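Following: one structure in structure tokens, then a few remarks.
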Amino acid sequence: MLNNQIPVFIYQWYELNKRDLPWRETTNPYQIWVSEIILQQTKVVQGLGYYYRFLDLFPSVQELANASMDDVLKAWQGLGYYSRARNLYQAAKLIVELYKGEFPNTYKEVISLPGVGEYTAAAICSFAYNQPYAVVDGNVFRVLSRIFGINTPIDTSKGKLEFQALATSLINQRSPALHNQAMMEFGALQCVPQSPDCHVCKINTVCSAFLNNQVSSLPVKGKKSKIRARYFNYLVIKVGVSTFLQKRESDDVWKGLYEFPLIESTNNLVVESLMIESEFKLIFSDSTIKYINPHPTVFKHVLSHQVIFAKFWEIDLNKFHLSNRLRVNWNEIHLFPTSKLIENYLNSRT
Ligand code: SF4
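Numbering-wise (our numbering), the sequence shown opens with residue 21 and increments by one.
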């Protein structure tokens, strides 16, 4: 079988096995863009509900651009990787400003939008405009590395160039949208990461990994980066029916989301060590604390390069004022965009 015949077998497989997904039924670049950004770090089954909700709230680029950042982050709540939502919002504003609200239709313009890399630009240009740009996502990396027996680590610059060049050489110039969808779907459903059913695979006679017993070792990934442990101490200050929230402003995880006042420490704190932290002393210098208790659960939240251990310190006071923080009624907290971690804590109290 020639290299350029392999995709033909994959198209045939695709026609028989593809899932019905809403973003495959449209060539609207805005809807495709939203779906691709959601799917960057999210599985289809989880992303579907968010996709429908997001388009309900913001049906067009203009409506997204006219929304507030808080509304956009609220719609994104629970999906994680919030920079995706911030970039969508900023890109929508740019599209309105630079292109009068018309979604750009050249690869060069699309890739210049915030949050759009090579993969997303190729996906938008091929699905919306049928332009011959090959997508290389995690599924395509796996399919190509196995079929062609490529050992170059996929997360290195060399690997990215090599796989992109191979994918580009295979693209179907007449039907790039079909080609890209078929390659990705084949990776998502047939050539899956763990134990694919190679015996029923239509291309097992030409698959290098299958023929050479390398299926479980391909694709190759480089060394994993170190995971950093962080210790968050949230101050859940209760004054009657209110509490205090702050917005995360620094260039860190969850930027733009709301949380309880936070003291980050280098290790797990007990109450005595928390109370001698300088930030704690500063916040409560003029107050008499009625009680302070940690919530019984230490919430563990795993992100790609860090793991956060969060303690929620429930602190009761008679009177209190905290400048630069929002005083919020308890039953209004759900109106603010928050991280899944805060959401989990709030759910544990109900
Ligand atoms: S034979 Fe197995 S490893 Fe090769 S393409 Fe098919 S499913 Fe993937």
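The beta-carbon is built from N, C-alpha and C at its ideal position, and this holds for glycine as well. Quick caveat: nothing in here was measured; it's all calculated off a predicted structure.
Legend entry - For His-321, the residue or residues it bridges with in DSSP: Ile-328
Inset, instruction - Could you check the C-alpha separation between Val-322 and Pro-316 for me, to the nearest Å? - result: 19 Å
Legend entry - Exposure label - Ala-154; buried when at least 16 CB within 10 Å: buried
Legend entry - 6 Å CB neighbourhood of Thr-47 in its chain, flanking five on each side removed: Ala-148
Legend entry - Proximity to Cys-227 [Cα-Cα], best of Leu-289, Val-163, Asn-253: Val-163
Legend entry - Nearest-angstrom Cα separation, counted from Arg-248 out to Ser-237: Each residue's CA atom was taken as its position, placing Ser-237 and Arg-248 some 27 Å apart.
Inset, instruction - Under 8 Å Cβ to Cβ from Arg-39, same chain only, skipping five residues before and after it: list those, please. - result: Hits under 8 Å: Val-64, Glu-205, Leu-209.
Legend entry - Backbone secondary structure at Ile-303 - three-state DSSP: Note: Ile-303 maps to helix in three-state DSSP.
Legend entry - Sequence-distant residues of the same chain with beta carbon closer than 7 Å to Gln-110, five excluded per side: Pro-134
Inset, instruction - Below 8 Å on the Cβ atoms is my guess for Tyr-251 versus Phe-329; work out the distance and round it to an integer in Å. - result: Taking the Cβ atoms as the reference, Tyr-251 lies roughly 5 Å from Phe-329, within the contact range of under 8 Å.
Legend entry - Per-residue burial, Lys-331 [other beta carbons within 10 Å of its own, 16 or more giving buried]: buried
Legend entry - Which residues DSSP lists as bridging Ala-85, in chain order: None, per the DSSP bridge assignment.
Legend entry - For ligand 1, residues whose Cβ lies under 6 Å from any non-hydrogen atom: Arg-166, Ile-167, Gln-210, Cys-211, Pro-216, Cys-218, Cys-221, Ile-223, Asn-224, Cys-227, Ala-229, Phe-230, Val-235
Inset, instruction - Whole angstroms is fine: what's the gap from Lys-258's alpha carbon to Arg-347's? - result: 10 Å
Inset, instruction - Would you identify the three-state DSSP class for Trp-96, choosing helix, strand or coil? - result: Annotated three-state conformation of Trp-96 is helix, per DSSP.
Inset, instruction - Just the C-alpha distance for Thr-379 and Thr-172, rounded to the nearest angstrom, thanks. - result: Only positions 21 to 370 of the chain appear in the structure, and residue 379 is not among them; the question remains open.
Legend entry - Enclosing alpha helix (DSSP H) for Gln-51 [first to last residue]: 49 to 59
Legend entry - Pick from Leu-302, Trp-96, Leu-181, Pro-196 that is closest to Leu-75, judged by C-alpha positions: Trp-96
Inset, instruction - Quick one: measure Cβ to Cβ for Arg-106 and Ile-57, integer angstroms, because I've assumed they're closer than 8 Å. - result: 11 Å between Cβ atoms; not a contact.
Inset, instruction - Could you name each continuous beta strand (DSSP E) segment of 3 residues or more that falls completely within the region 159 to 229, going from the start of the chain to the end? - result: Counting whole runs of 3 or more residues, the region 159 to 229 contains no beta strand (DSSP E) stretch at all.
Legend entry - Proximity test, Cβ basis, 8 Å: Glu-45 and chain D: Absent from the structure is chain D; it holds one protein chain and no more.
Legend entry - Buried or exposed (CB count within 10 angstroms, at least 16 for buried), Gln-201: Looking at its Cβ environment, which holds 16 or more other Cβ atoms inside 10 Å, Gln-201 is buried.
Inset, instruction - Confirm, please, whether the CB-CB distance from Val-54 to Tyr-71 is below 8 Å. - result: Pairing Tyr-71 with Val-54 gives a Cβ-Cβ distance under 8 Å.
Inset, instruction - Determine the direct distance from the alpha carbon of Gly-207 to that of Asn-159, and round the result to whole angstroms. - result: 5 Å
Inset, instruction - Measuring alpha carbon to alpha carbon, tell me which of Gln-266, Ile-26, Val-290 ends up nearest Phe-168. - result: Ile-26
Legend entry - Phe-74 (DSSP reduced to helix, strand or coil): helix
Legend entry - Cα-Cα separation, Ser-132 to Lys-120: Between the alpha carbons of Ser-132 and Lys-120 lies a gap of roughly 16 Å.
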